[in-house]
Amino acid sequence: MIKSMTGYGKSVVETDTGRTIVEIRSVNHRYGEVYVKMPRALLAFENDVRKAVGDRLKRGKIEVFVQREEAVGGENLPSVNIPLAKAYRDAFEQLKRELDLADPVTLPLILSQRDVLSAREEDGNEDALRGELLGAVRGAVEAMEAMRLREGEALFADLTARRRTLSDIIERIALRAPAMVAEYAVRLRERLTQLLSGTTLDETRFAQEVALMADRSDITEELVRFRSHLVQFDDTLKLSEPVGRKLDFLMQEFNREVNTIGSKAGDADTAALVVALKAELEKIREQVQNIE
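With positions in the sequence shown counted from 1, the corresponding number in this note's numbering is that position plus 613.
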């Protein structure tokens with residue numbers, strides 16, 4: 614079943630240590646791009662998040678928003694690096710002596726130095742946190758996939774209905790094809806009769822001209838290819854893999870055949886059918902842009 618590229622999903626994982634909230638939204642995009650916004654404390658897991666999302670969502674501009682709420686008492690405990698603090702104190706005292714300064718070496722000054730005071734993570738906390746985060750990511754992806762599938766069902770219904778319209782129009786054009794040559798022959802004979810003013814018409818030359826026109830306006834190959842594309846269109850819609858790019862390519866092939874048929878159309882009725890065909894193809898192309 615086809616899937617839409619647009620969607621939204623949210624998941625919350627709650628444990629004794631806190632809550633991890635993940636929201637994912639996606640919009641149409643030619644390729645698959647994943648953007649992750651998360652707290653600094655979780656940045657070590659950014660690549661894990663990006664891979665987990667990219668493995669499931671193949672196409673679209675996908676934004677992932679991560680929040681982390683620590684439980685009361687679940688925060689990492691502060692840790693003091695005593696040797697480093699003493700080293701900073703000694704260094705500052707030496708500077709005071711060398712520069713003959715009277716300013717005292719205070720505790721706030723020492724604590725402001727990098728890595729003197731830091732959060733101490735309990736053993737195994739990193740693995741547990743990664744598991745909670747990726748669990749929330751998978752839940753949000755599942756929710757988004759469900760929305761994408763629901764929208765995909767609506768797209769599938771619309772595309773299959775429009776595909777039937779394409780088939781109907783192309784068969785009407787196929788029925789018009791033989792008449793185009795016959796009508797051209799009638800118009801040509803009438804025109805030549807007027808121009809020749811009673812002079813005998815060279816039937817051999819006339820037949821040659823009609824044959825040339827028939828050859829120039831022959832759309833048999835285009836009709837065969839167009840019908841083949843319709844079969845490929847049906848088969849592609851049934852695939853379980855992402856099909857947006859394949860359908861986009863098929864739309865180009867459809868348009869190529871229609872443009873050729875339009876250039877060969879020699880009568881107003883066929884030209885009108887070609888215009889209707891192009892209009893329907895454009896509507897399908899717009900829908901295809903929404904498919905993963």
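Just so you know, even glycine gets a beta-carbon here, dropped at the ideal spot from N, CA and C.
Unbroken alpha helix (DSSP H) runs of no fewer than 4 residues, entirely contained in the region 624-689, are found at 659-669, following chain order.
Burial check for LEU768: the Cβ neighbour count within 10 Å reaches 16 or more, so the residue is buried. Between VAL887 and VAL901, the C-beta spacing is not below 8 Å. In the DSSP assignment, GLN726 falls outside any alpha helix (DSSP H), carrying neither H nor E. Burial state of SER617 is buried, judged by a 10 Å Cβ sphere holding 16 or more other Cβ atoms.
If you compare the alpha carbons of LEU843, ARG818, ALA753, LYS859 with that of ILE783, the shortest gap goes to LEU843.
The Cβ-Cβ distance between VAL754 and LEU836 does not fall below 8 Å.
In this structure, the straight-line span from the alpha carbon of ALA698 to that of GLN707 is close to 14 Å. By the Cβ neighbour-count rule, VAL635 is buried, with 16 or more other Cβ atoms within 10 Å of its own. Per the DSSP secondary-structure output, ILE904 pairs in a beta bridge with SER617. The Cβ atoms of THR633 and GLU745 lie closer than 8 Å to each other. Per the C-alpha coordinates, the member of GLU816, ILE832, ILE904 positioned closest to PRO791 is ILE832. Fully enclosed alpha helix (DSSP H) runs of no fewer than 4 residues occupy 833-850 of the region 829-862, in order along the chain. Take the alpha-carbon of ARG743 and the one of PHE658: they are about 7 Å apart.
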